[in-house]
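Written below as structure tokens is the structure these notes are about.
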Amino acid sequence: MSEYNRKVHLVGRISSFLIIVALLGVPFLTSLFFKEEIDWGTTFAAIGSVLMVFGPVAVIEFLSYLPIIGAGGQYLSFVTGNVMNMKIPAATSGRKIAGVETGSDEGDAISMISIAISSLVTTAVLFVGMVLAAQLLPLLNSPVLAPAFANVMPAIMGALGFPVIVRDLRTSWLPALISVVLTVGLSYGTFMSKQGPMMILFLFISLAWSFFLYKRGQAQKAGAREVSERA
């Protein structure tokens with residue numbers, strides 16, 4: 001592991017620990033200040049319900065995001081949130097502008113910088129929105145802008161997903177086709193309500209299809225090599 005990666009993991013672990021302490025400190029300090037006891041039975045029941053829904057999603061996101069945004073970008077993304085809508089698009093755009101490859105050391109560094117800048121910009125925008133909420137709400141809720149805010153996620157994923165699919169149609173066409181068929185067959189709402197199982201399903205579909213294409217390519221190369229040797 002390079003010195004850069006060691007420092008990334010050191011700072012990432014420390015900052016993640018501090019964030020967890022800060023997040024857990026709010027309810028504990030609030031209960032102490034107001035002298036209210038925490039109902040641990042209700043608390044653990046609520047945690048269990050959330051884990052059943054978002055636990056599989058969290059595991060899949062952890063495994064699937066790492067090759068895209070790198071370790072540093074993942075530490076920042078999981079602390080600041082809004083990974084799919086904001087952080088991955090920022091990292092993808094940053095790598096494209098810098099002309100670096102996904103998964104390389106340079107790509108991971110650019111992804112981390114892009115996500116850090118995105119987090120700062122998001123914080124600034126949220127601060128301005130908080131200060132000017134009363135003035136901006138009528139504009140944001142207007143009939144002209146409301147449809148745009150209702151379709152932000154499909155617009156972002158379409159703009160980011162289409163170039164990836166087109167870049168390697170041989171690998172991407174089957175998972176993309178299956179996702180479209182399931183979305184149409186189950187309806188968009190039903191498909192999105194099963195996001196966790198669907199992510200696991202398509203992870204295995206993509207891995208299996210890529211492995212099949214790899215083995216098929218290896219077999220074709222071996223066959224071509226044998227014909228060449230005979231000739």
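When we follow full-length UniProt numbering, the leftmost residue of the sequence shown carries the number 1, and every step to the right adds one.
Don't be surprised by glycine CBs; every beta carbon is placed ideally from N, CA and C.
This one's a predicted model, so the numbers in the text were calculated from it and none came from an experiment.
Counting C-beta pairs closer than 8 Å gives fewer than three between the segment 117-129 and the segment 97-106, which falls short of the contact rule. Here Pro143 carries a coil assignment [DSSP, helix/strand/coil]. Counting only runs that start and end inside the segment 117-201, the alpha helix (DSSP H) elements of at least 4 residues fall at 133-140, 146-150, 152-167, 169-186, 188-193. The C-beta separation of Met153 from Asn85 comes to about 6 Å, placing the pair in contact by the 8 Å criterion. Around the beta-carbon of Thr42, fewer than 16 other beta-carbon atoms lie within 10 Å, marking it exposed. Under the DSSP assignment, Met52 falls in the alpha helix (DSSP H) whose first and last residues are 40-80.
Less than 9 Å separates the beta-carbon of Thr92 from that of Ile68.
In the structure shown, the three-state DSSP call for Val26 is helix.
Inter-segment contact for the segment 135-149 and the segment 162-182 is absent: fewer than three beta-carbon pairs are separated by less than 8 Å. Between Lys87 and Ser118, the C-beta spacing is below 9 Å. In the pairwise beta carbon analysis, the segment 101-113 is classified as not touching the segment 177-187: fewer than three pairs are separated by under 8 Å. With 16 or more other Cβ atoms inside 10 Å of its own Cβ, Leu76 counts as buried. The C-beta distance from Ala155 to Asp108 rounds to 27 Å, too long to fall under 8 Å, and the pair is not in contact. By the CB criterion at 9 Å, Val79 and Ile38 fall outside the cutoff. DSSP places Thr92 inside the alpha helix (DSSP H), whose first and last residues are 88-98.
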